[in-house]
Each structure stands twice: as structure tokens, then as C-alpha cells.
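**Q**
Residue numbers (my numbering): 341 to 534.
1. If we ignore side chains and look at the alpha-carbon of each, how far apart do residue 380 and residue 473 end up?
2. For residue 460, does the three-state DSSP call read helix, strand or coil?
3. Give the single residue among 482, 417 and 435 whose Cα lies nearest to the Cα of residue 446.
4. Is residue 490 helix, strand or coil when you go by DSSP?
5. According to DSSP, simplified to helix, strand and coil, what is residue 416?
6. In chain order, what residues of the same chain lie with their CB nearer than 6 Å to the CB of residue 413, ignoring the 5 residues before and after it?
7. Just verifying my parser: in three-state terms, what is the DSSP assignment at residue 472?
8. Residue 441: which of 419, 417 and 471 sits nearest, CA to CA?
9. Are the CB atoms of residue 428 and residue 465 within a distance shorter than 9 Å?
10. Should residue 497 and residue 459 be called a contact, given that it needs their Cβ atoms to be closer than 9 Å?
11. Is the separation between the beta-carbon of residue 362 and that of residue 402 shorter than 9 Å?
12. Which stretch, first to last residue, makes up the alpha helix (DSSP H) that contains residue 445?
13. Nearest by alpha-carbon distance to residue 545: which of 435, 484, 408 and 463 is it?
14. What do you reckon, are the CB atoms on residue 430 and residue 368 nearer than 9 Å?
15. Helix, strand or coil, according to DSSP, for residue 383 in the structure here?
16. Can you tell me whether DSSP reads residue 431 as helix, strand or coil?
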């Protein structure tokens, strides 16, 4: 199955969690749910729509994960680069990595606006998972089309670096700055390796 068909299959099943999470081992499921909750914290808070997605994903991950969701949410609030590295190592299958990115975009757009901090985080994780810019952009395009169709033609919004926005009109945090620098280095190294 090519990547675009895989992405559309995941979306047709209302998110990645129902697609492949139940077949994953414990470490993969913890890593997956932790990365989603960490992304939800990227803009400083978890709103009700993000919470619904987290609950849906944790339920799909199994009762052992679902019973720990409040602890996972609490522990992922702080920036911890070493923990991100471990989660990335725990995800081994390519379909699971792509599924994670689909669910990350669905989470980032849960409140209809993907904030700059969320984009930085997703680019970092995509780079660490060795998901190329091309595949990342295909995932994003397909998720945006899916959400636009679901929302009666209203596309989700994205704020990128340098754009003014009222919800995130604040200086970049130290964590965001570290992630941005890591993303830039990571993608520069990936281009040199090609």
C-alpha cells in the first residue's frame, strides 16, 4: 500500500488509533499516546476537543493505557528531550509512525487552529521518525482536506513562524526555541544524508 492510500485508509477509520494501535506492544502504545498528549500541551493548555481525542486514542490503546491517561497527561506537560528520544525509539513500524503523524495533525487541528508551537513539535517528531518533508506534506494535505470536508468546506487554520495571531502572541518559550533549533539541524542533516 502506498503512503497516500495508507493515510486515506487511516482517515477513513476516523484516526490512526483504530487503525493499528491495538496491535502494538505496550512501549509503542505508551510512546504513541505520550507524543499525542505532549503535542496537545505544545500551545500551553489542553482544551476539551484535544482532551476528547486523547481519551479516544487512550481507549483504543487498551485499558492498561487508558487507566494511566491522567498520569501520562501530567508527565508530558514538561519539555523533556530525552523522553522524546525514547518514545521515537519505541515506535518501529512505518504504518504506526504515519498513523501517529495523522493523529498528531488531527490533535493539532482539534481546536481548528494549528499553532506555531504545534507545528514545531510535529516537524521535530517527523524528522526523528525519518518521515520526509514530502510524506509530512502529504499527511498534512490529506488531513486538511479530510477536516475541510468534515467541517462543511471550512478549512482548518495554521499559524506559522512570523505570523501574528491573538492566541499565541507571546515570545517563543525556551522549549520552543530548543525544538526549533533541533528541527532545523535535523532536517539539514537529513538533506545532507540524501
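We put the CB at the ideal spot given by N, CA and C, even for glycine. For clarity, every value in this text was computed on a predicted model and none was experimentally measured.
**A** According to the structure shown:
1. 22 Å
2. helix
3. 482
4. Helix.
5. coil
6. Answer for residue 413: 377, listed in chain order.
7. coil
8. 471
9. yes
10. It is not a contact, given that the beta carbons lie outside the stated cut-off.
11. yes
12. 434-448
13. Residue numbering for the chain in the displayed model covers 341 to 534; residue 545 lies beyond these limits and cannot be assessed.
14. Residue 430 is a Cβ neighbour of residue 368, given a cutoff of 9 Å.
15. Reduced to three states, the DSSP call for residue 383 is coil.
16. coil
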